[in-house]
Structures are given as C-alpha cells and as structure tokens.
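Presented below is the structure to which this report refers.
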Amino acid sequence: MLQVNEAEAIIYSLLQPLDSQLDTETVDLLGAAGRILAKPITSHLDFPHWDNSAMDGYAVRYEDVKNCNPENPAVLSIIEEIPAGYQPERTLAPGETARIFTGAVVPAGADTIVMQEVTQCEENRVSIIKAPKLGEFIRKKASYYQAGNELLPAGIVINAPEIAVLAAAQCQKLCVYRKVKVAILSTGDELVTVDKTLQPGQIVDSNNYALIALVQQLGAEAISYGIVPDKEEVLKETIEKAIKGADIVISSGGVSVGEYDYVEKILESLGGKLHIRSVAMKPGKPLTVAAFPNSKLYYGLPGNPASALVTFWRFVQPAIKKLSGLKDGWQPAFIKAKASNELRSDGKRETYIWGKLKLKDGEYEFEIAGGNQVSGNLINLAQTNALAILPEGTKQISQGQAVKVFVA
Ligand code: AMP
Ligand code: MG
27 MLQVNEAEAI IYSLLQPLDS QLDTETVDLL GAAGRILAKP ITSHLDFPHW
77 DNSAMDGYAV RYEDVKNCNP ENPAVLSIIE EIPAGYQPER TLAPGETARI
127 FTGAVVPAGA DTIVMQEVTQ CEENRVSIIK APKLGEFIRK KASYYQAGNE
177 LLPAGIVINA PEIAVLAAAQ CQKLCVYRKV KVAILSTGDE LVTVDKTLQP
227 GQIVDSNNYA LIALVQQLGA EAISYGIVPD KEEVLKETIE KAIKGADIVI
277 SSGGVSVGEY DYVEKILESL GGKLHIRSVA MKPGKPLTVA AFPNSKLYYG
327 LPGNPASALV TFWRFVQPAI KKLSGLKDGW QPAFIKAKAS NELRSDGKRE
377 TYIWGKLKLK DGEYEFEIAG GNQVSGNLIN LAQTNALAIL PEGTKQISQG
427 QAVKVFVA
C-alpha cells in the first residue's frame with residue numbers, strides 16, 4: 027500500500043501535458059474565457075498608444091507654469107479643446123495651453139497636465155494657481171507595455187482581466203489548448219439513472235453526475251459512458267472504448283476486493299500498467315491507477331460517494347489541471363486552519379475529513395460536516411469545500427488547534 031504522497035508523485039510522473047503545437051484550437055475572444063492560452067501573445071501596439079491625459083484639466087508647457095502660485099498665477103491662452111477620441115490640431119507655443127480631458131491625446135509642445143481643480147478659467151484664458159510637477163498627469167506612450175514584447179505568456183487561464191488585455195490589443199482569435207477529454211463510467215448492478223423508479227436494492231448513480239460536474243468545472247470535456255453492469259465482458263468493452271476516446275478515464279466502483287470487482291483484472295488484460303492498487307488513506311484506500319500507451323491514465327475510484335469525491339479532489343483534479351496545459355497553480359492547495367470542532371481518526375491511515383473552510387476575523391477555520399463521517403454517506407457532502415487532513419498516527423485534533431486543510 028502506497029502513502030498518499032507516494033501515490034501523488036507516481037501520478038504526476040505519469041502525466042504528459044497537452045502539446046502546445048498539436049493539442050490546440052482557435053477560439054473567439056469571448057469563447058476564450060476559462061480556456062488556457064497555448065501560445066504567447068505579442069502586440070504591435072504600445073500601451074498607452076499615445077501620450078494622453080490622466081485628468082480633466084489643461085495641457086501646458088512646464089516652463090510656463092513652474093513658478094506660479096496663488097498670488098502669482100500663470101495666465102495662459104487657450105488655443106484648443108481636446109476631448110477624448112480626437113487628434114489635437116495645434117502645437118503649443120510659449121504662453122499657450124489646451125483644454126484637455128481624461129484619455130485625450132496630449133498636444134505637441136505640451137509636457138505636463140494641470141488638473142482643473144487648481145485653475146480658474148475666464149473665456150479663452152486660464153489662470154494656473156499651483157505649480158505642477160514636470161510631466162505630471164501624462165500617461166506616457168508605451169509606459170505600460172512596449173510593442174513587440176510578450177503581452178501574455180502561454181499556459182495561463184484566460185479570465186476577465188486577460189480578456190480585457192486581449193480585447194485592448196485587438197486579438198479577436200486565440201490559440202488555446204483543446205479541452206482535456208475525461209471519460210466517466212460507473213460500475214454496479216445496483217445503479218440506475220436519476221429518472222428511474224427505484225426497485226429494492228437500487229440506488230442512483232450519483233457518482234456519474236458528480237464526476238461530470240467536477241470535470242466540467244475544471245474546464246475539461248466529460249464523456250459519460252453511464253452505468254456499466256458488473257459483467258466482466260461488458261465492462262471490458264466499455265473501458266476499452268473509453269480509453270480510446272479520452273486522455274483520462276475515471277471509473278467508480280468495482281475496485282474493492284469483492285466478487286464483482288473486476289476493474290484491475292480488466293485493466294491488465296487491456297495492456298494497462300497498474301501503478302497504484304491501494305493508498306494508505308481514509309476514505310479512498312482502494313484507489314487504482316493504471317497507465318496506457320499514449321500517456322492515457324486510468325483512475326479506478328472507489329464507489330462510495332465520499333471516497334470517490336475525496337480521491338477525485340486529491341488525485342484527479344491536479345492531474346486534469348496539469349494535463350490541460352496550465353503552467354502554474356495546478357498543484358493542490360493546502361492551508362493551515364483552526365479546527366472549529368474536535369477532529370478524530372483511528373490514526374491508522376492519513377484521514378480526510380470533509381467540511382467547510384470559512385474565513386472568520388481574517389483567519390481560516392475548518393468546520394466538520396455535520397452527520398456521519400463515513401464514506402457511504404453522501405448527504406453531508408453537500409456544502410463542503412475542503413478536507414481536513416489528519417496524518418497517520420494522529421488520532422485527534424482538539425477544537426481550536428491548527429489543522430492542515432486541502433482546499434477543494
Ligand atoms: P464498490 O466499490 O463497487 O464495491 O462500491 C462501494 C459502495 O459504493 C457500494 O455501496 C455501492 O453501492 C456504492 N456505489 C458504487 N458506485 C456508485 C455510484 N456510481 N454512485 C453511488 N454509489 C455508488
Ligand atoms: Mg460495485
């Protein structure tokens with residue numbers, strides 16, 4: 027049985043991220059939200075494109091106003107008005123100024139903007155009553171970004187801030203990584219879809235729905251094979267098909283040691299190399315991971331809903347993120363929180379306790395989910411967003427003590 031960190035290291039070593047040349051597609055700017063940039067972006071535009079004003083006020087020659095004060099204002103004649111969006115027509119000569127607005131192009135001859143709050147205007151003249159600093163309130167051309175440099179690197183998620191930058195740079199089409207394809211199947215004769223009337227012994231295949239949602243939330247494509255009965259041949263056929271059409275295959279159930287647990291045997295018969303058969307964690311001990319040619323990865327998650335969720339968060343989620351082309355931030359996030367309740371374990375295996383991470387008075391607190399902390403219980407998974415981790419050998423963490431928390 028592997029330790030959790032050993033299993034994690036094995037999984038990471040098996041991952042072959044998407045190829046920045048081969049595994050890409052072109053999307054429109056708005057279709058790029060949430061996608062991962064496959065190629066760096068460079069712009070031919072400077073930012074700002076021109077020297078422009080950061081204030082509503084007057085464009086001046088510093089020389090003309092540098093010594094002014096309320097007793098001795100500089101009086102300048104207004105030769106032009108420059109709203110945002112217009113090209114100035116005149117060059118300032120000594121003693122001249124242009125009325126200017128935020129975002130408007132600074133006219134030739136001007137080197138400083140005086141904000142209107144320190145001016146008094148009468149007709150076509152303005153008195154400046156406070157000396158500005160040289161260059162004040164001018165947003166210099168190319169001071170934010172110089173054309174030809176890298177604007178955005180490859181491997182980042184495109185969110186609203188990046189969309190703004192890309193729009194400003196007039197990038198209408200973008201090269202992003204294709205979505206990671208994740209096949210999902212559930213094993214078990216007891217399982218039915220959500221719409222069926224339950225017969226005695228039957229339960230809804232809740233893992234299928236949960237796993238599809240988890241995969242989609244990560245920006246990957248979920249390919250569902252639904253419920254596969256506990257029949258070796260059918261299961262083998264389905265797994266074979268699933269591996270062909272996906273980068274990652276996730277099954278749930280059938281990886282325990284029961285009579286009907288065929289997954290390991292099938293994986294080996296299909297040429298998969300089993301790297302993980304069980305992990306010293308609770309829940310999640312029967313986790314199975316196998317590698318197939320072309321770097322395809324198979325995860326056999328335990329069937330119990332809590333086990334499936336915990337093992338997905340801990341081992342599948344970072345893998346999907348890493349495969350997707352994400353350069354940084356694909357690793358799991360752990361933080362230290364204060365336990366709001368006493369947390370217990372039998373101390374035998376690394377134990378994951380589901381609950382809610384909250385920010386309270388600037389400090390993280392972990393609140394255990396109410397009800398039974400058993401892997402068969404799915405009801406109290408609702409509204410959880412984190413897992414407290416009790417290392418092997420730790421039987422208890424008292425209320426108020428620090429606990430390591432996995433952020434889901
Ligand atoms: P197994 O790993 O197949 O032995 O399943 C362990 C437990 O999880 C059993 O109680 C199953 O009924 C339950 N289970 C298995 N698969 C699912 C699923 N897809 N959705 C909900 N519960 C499941
Ligand atoms: Mg089963």
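For the sequence shown, the working numbering assigns the number 27 to the initial residue and increments by one for each residue that follows. We put the CB at the ideal spot given by N, CA and C, even for glycine.
Rounded separation between residue i and residue j - CA only
i: Q146; j: P96; result: 11 angstroms
i: E32; j: Q196; result: 46 angstroms
i: V132; j: N185; result: 32 angstroms
i: G161; j: D82; result: 15 angstroms
i: Q343; j: L244; result: 8 angstroms
i: N234; j: A317; result: 22 angstroms
i: G355; j: F341; result: 15 angstroms
i: S212; j: Q242; result: 17 angstroms
i: D77; j: P158; result: 17 angstroms
i: P417; j: A363; result: 15 angstroms
i: V281; j: Q357; result: 26 angstroms
i: T138; j: G174; result: 28 angstroms
i: S321; j: E266; result: 15 angstroms
i: K262; j: K65; result: 39 angstroms
i: P109; j: P120; result: 22 angstroms
i: E115; j: L177; result: 32 angstroms
i: P179; j: F127; result: 34 angstroms
i: L217; j: V230; result: 5 angstroms
i: W339; j: Y324; result: 15 angstroms
i: Y38; j: A345; result: 7 angstroms
i: A408; j: Y203; result: 32 angstroms
i: T264; j: P255; result: 10 angstroms
i: Q172; j: H75; result: 9 angstroms
i: V283; j: D215; result: 16 angstroms
i: G227; j: K311; result: 25 angstroms
i: V315; j: K222; result: 32 angstroms
i: G297; j: P319; result: 8 angstroms
Beta-carbon proximity of residue i to residue j, cut-off 7 angstroms
i: I164; j: V91; result: no
i: I210; j: L240; result: no
i: L443; j: G351; result: In the structure displayed, the chain extends from 27 to 434; residue 443 sits before or after that span and is not available.
i: S278; j: L327; result: yes
i: I104; j: T117; result: no
i: I62; j: V206; result: no
i: E376; j: V53; result: no
i: L383; j: V431; result: yes
i: A246; j: V208; result: yes
i: F392; j: A365; result: yes
i: G129; j: K353; result: no
i: N406; j: G396; result: yes
i: I381; j: K421; result: Before going on, a small fix: residue 381 reads as Gly here, not Ile. Contact: no.
i: Q198; j: L56; result: no
i: E258; j: Y288; result: yes
i: M27; j: A306; result: yes
i: R125; j: E143; result: no
i: V140; j: V191; result: no
Presumed contact (8 angstroms Cβ cut-off) between residue i and residue j, rounded CB distance
i: D72; j: A168; result: 4 angstroms
i: T68; j: C201; result: With 8 angstroms as the limit, T68 and C201 do not qualify as a contact, their Cβ atoms being about 12 angstroms apart.
i: E368; j: Q425; result: 5 angstroms
i: E290; j: L300; result: 6 angstroms
i: A434; j: L413; result: 7 angstroms
i: P331; j: Y378; result: Rounded, the Cβ-Cβ distance is 14 angstroms, inconsistent with contact.
i: S304; j: L313; result: 7 angstroms
i: S333; j: S401; result: 4 angstroms
i: Y88; j: V152; result: With a Cβ gap of about 15 angstroms, Y88 and V152 do not count as contacting.
i: S250; j: L404; result: So it is not a contact: roughly 19 angstroms between Cβ atoms.
i: I189; j: A58; result: 7 angstroms
i: I302; j: I36; result: 6 angstroms
Bridge-paired residues (DSSP) for residue i
i: L416; result: T377
i: V208; result: A248, I274
i: A365; result: F392
i: I67; result: L178
i: C201; result: T52
i: K470; result: The first residue shown for the chain is 27 and the last is 434, placing residue 470 beyond what the model contains.
i: I423; result: L369
i: L28; result: V305
i: E122; result: S103
i: F432; result: F360, L413
i: F73; result: Y171
i: I253; result: S212
i: N398; result: According to DSSP, which records beta bridges pairwise, N398 is partnered with nothing at all.
i: N78; result: V131, R165
Item checked: Runs of beta strand (DSSP E) lying entirely within the region 134-195, each at least 3 residues, in chain order -> 138-141, 145-148, 151-154, 176-178
Next item on the list: List in chain order: all unbroken beta strand (DSSP E) runs of 3+ residues lying wholly within the region 82-111.
Entry: 83-86, 100-108
Check: Where are the alpha helix (DSSP H) runs, 4 residues long or more, that stay fully inside the region 294-333, in chain order?
Finding: none
Notebook entry, point to check: What are the start and end residues of each continuous alpha helix (DSSP H) run of 4 or more residues lying completely inside the region 218-247, in chain order?
Noted result: 232-243
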